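In this text, residue positions in the sequence shown follow my numbering: the first is 110, and each later residue adds one.
Each residue gets a CB set at the ideal place from its N, CA and C atoms; glycine is no exception.
As the structure is a prediction and not an experimental result, all values here were calculated from the model.
First the structure, in the form of structure tokens, and then the observations on it.
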Amino acid sequence: MSHRAAGGLQRAVDALPIVGLDESVIDILQRDDETDEEADNPEQEADNDVPSFPSVEKVSIEEDLVNQPACIAFTSSMARLVNFLQLPIQKCFYRDKLIGTECDATPPFHVKLNRRGSATIIEWFCINGHMLWKWNSQPVLKYAMQGGDFMVATNILLSGNNFSKLALFFRFMNIGVVSPKTFRLIQNHYLVDSIKDFWGKKRAAIIDCLCAKESVVALADGRMDSPGHTAQFCTYTTMENESKDIISVVTVDKRQTNRNSVIMEKHAFIQTFDNLLADLNITEIVTDAHMQISALLDPRKGRYKDKAIIHSLDVWHAAKNLTKKLHVAGILKGNSILLVWLKDIVNQFWYIYQKAQHRDMFNDMWVGVLHHVTGKHEWTRGKCDHGPLDATTSDKELMVPGSPPHEALQRIMFNRRWLKDVTKYLTFRSTSELESFQNCILMYAGKRFAFSPPVYEARCLLAALDYNHHNHRPDYITRKNEKS
Ligand SMILES: [Zn+2]
Ligand SMILES: [Zn+2]
110 MSHRAAGGLQ RAVDALPIVG LDESVIDILQ RDDETDEEAD NPEQEADNDV
160 PSFPSVEKVS IEEDLVNQPA CIAFTSSMAR LVNFLQLPIQ KCFYRDKLIG
210 TECDATPPFH VKLNRRGSAT IIEWFCINGH MLWKWNSQPV LKYAMQGGDF
260 MVATNILLSG NNFSKLALFF RFMNIGVVSP KTFRLIQNHY LVDSIKDFWG
310 KKRAAIIDCL CAKESVVALA DGRMDSPGHT AQFCTYTTME NESKDIISVV
360 TVDKRQTNRN SVIMEKHAFI QTFDNLLADL NITEIVTDAH MQISALLDPR
410 KGRYKDKAII HSLDVWHAAK NLTKKLHVAG ILKGNSILLV WLKDIVNQFW
460 YIYQKAQHRD MFNDMWVGVL HHVTGKHEWT RGKCDHGPLD ATTSDKELMV
510 PGSPPHEALQ RIMFNRRWLK DVTKYLTFRS TSELESFQNC ILMYAGKRFA
560 FSPPVYEARC LLAALDYNHH NHRPDYITRK NEKS
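What follows is the structure in structure tokens.
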């Protein structure tokens, strides 16, 4: 970018109005530029022999606005058109109401093009200043809201965009745009609740279908809008494991938890499942490892103990954790043999969890790993059931039993905290699809931007609507018949 362009960009950015979250919403009726709809149509005397001018185009139904084609029109091009075409009147039709004298002004009439919001207003005047006709480049809604302004504001939100970025784009293009105030007004008055209602209806239809299901497996996870203590919101999302439909989106604001961001996820979990369990027969909940959530799902003393819900943990996270721990131990001096075995051990971890039906079976196979790496394939209480270890490890360097790397491996594999959760992986579940939905939230509520609580919630719901809408569409097949 040239220095000049960069300077221009900075000036344009500096000149943008700052969008504050706390700014109150003004009532649309207070709009000072046009409160009277009839003001667009100058009074024409009925007895005048003049054609009546088309009145302003009104929006009365959705189709008058949604999907109506529009264009980028240059003011100079519009000026060329209106200066070439003449109004179909021979003289000004204005008559003084009190004295009764008529204006004698004749064409050519003077044309003025003004910008209002994202529209252009064209006015025709006689030489004496009487306005003959006023035309708006956009259809107009109730309370003189311009259709284009409404669509710009609406679609900034619906497409997951951000007002200040789009305003900058409009400024670079030298196209008029709604003010930040009007944008917020439209967003807060017309959009946020509509999105909530629409999500409510779509979600109800999904829940209706799932009600009859004997056993629903729910994947659940919370996502903070920013890391650690700076988090303002936690969005707790729940996906049904079979359909992969999003069945719940709960957004908790820090203010609801006394500004304590640590307990936001727990708070959101309770809100989610108190609600879902009233409608659905949820038999299993899959989450990532989270102590407060594990406590809530504790089968003996947790909040949901009477529901006998199985709590499963994401097995992929466990494998990743195991890899990390082995790697950390393996880079220590004298432990490099751990790195030689790392891949085999992690593969065996996957294999065991795919096979193991219960804790004892897991334990027996897991102990086997510790023997196998030393070249021992039979021991007092069992023998190897060779999975992936077999094929690739026949000529591998063996570990010496009791050596530092072998002991390090033992410590990692039989870590007490990890063993406590062993059974939670037996169902072999993954929450990876839920994570891809959480990335979809980023498209609608980028981490770099600040939103008010209702707007943040609406943006998360838009992400859920988007995700569910595309969830059941067939995979895109390329010409070579490969999934893209
Ligand atoms: Zn006149
Ligand atoms: Zn073996």
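If you look at K311, you'll find it in the alpha helix (DSSP H) that goes 301-320. Within the segment 354-420, the runs of beta strand (DSSP E) at least 3 residues long that lie entirely inside it are, in chain order, 355-362, 391-396. Annotated as proximal: N577 and K311, with beta-carbon spacing under 8 Å. Short note on C320: C-beta not closer than 7 Å to any heavy atom of ligand 2. In this structure the segment 211-231 lies against the segment 182-196, because at least three pairs of beta carbons, one per stretch, are closer than 8 Å. The bridge partners DSSP lists for V220 are W233. V168 and L250 do touch by the CB rule: their CB atoms are close to 5 Å apart, below 8 Å. Cβ contact annotation for V326 (same chain, cutoff 6 Å, sequence separation greater than five): N350, E393, in chain order. Taking the Cα positions, A276 is about 11 Å away from G226. Taking the C-beta atoms as reference points, R412 is found no nearer than 8 Å to L422. The set of residues with CB atoms less than 5 Å from any heavy atom of ligand 1 reads, in chain order, C201, Y203, C212, A214, C235, N237, H239. Of all alpha-carbon atoms in D469, H436, A465, L441, the one lying nearest the alpha-carbon of D453 is that of H436. The beta-bridge partner set that DSSP reports for Y565 is empty. K206 is classed as exposed because its beta carbon has fewer than 16 other beta carbons within 10 Å across all chains shown. In this structure, T344 keeps its C-beta atom at 8 Å or more from the C-beta atom of I356. By the Cβ-count criterion, H481 is buried, with 16 or more other Cβ atoms from all chains shown falling within 10 Å of its own Cβ. The C-alpha of E506 lies about 27 Å from the C-alpha of W527. The beta-bridge partner set that DSSP reports for A228 consists of R225.
Within the DSSP secondary-structure output, N245 pairs in a beta bridge with I230.
The segment 542-551 makes no contact with the segment 560-567; the number of CB pairs closer than 8 Å stays below 3. By the Cβ test, the segment 316-330 is in contact with the segment 387-403, since at least three Cβ pairs between them sit closer than 8 Å. Going by DSSP, C549 is part of the alpha helix (DSSP H) stretching over 541-553. Residues A262, L266, V564 of the same chain have their beta carbon placed closer than 7 Å to that of Q296, with the five preceding and five following residues left out of the count. If you draw a straight line from the Cα of D407 to the Cα of A398, it comes to about 13 Å. Counting only residues of its own chain and dropping the five nearest sequence neighbours on each side, N237 has a CB closer than 6 Å to the CB of C212, A214.
By alpha-carbon distance to H495, the top candidate from W459, P510, L518 is W459. At a cut-off of 7 Å, the beta-carbon of C549 does not count as near ligand 2: no heavy atom of the ligand is closer than that. Distance from the C-beta of H467 to the nearest heavy atom of ligand 2 is not below 7 Å. By the Cβ-count criterion, G256 is buried, with 16 or more other Cβ atoms from all chains shown falling within 10 Å of its own Cβ. Checking the 7 Å criterion, the Cβ of H515 is out of range of every heavy atom belonging to ligand 2.
Taking non-hydrogen atoms of ligand 2 into account, the C-beta of H581 is found less than 7 Å away from none of them. If you draw a straight line from the Cα of Q463 to the Cα of L535, it comes to about 8 Å. Secondary structure note for E349: its beta strand (DSSP E) is the uninterrupted segment 342-349.
Assigned with DSSP and collapsed to three states, K167 falls in strand. Here the distance from the Cβ of C493 to the nearest heavy atom of ligand 2 is below 7 Å.
Shown here, M240 sits in a strand according to DSSP, grouped into three states.
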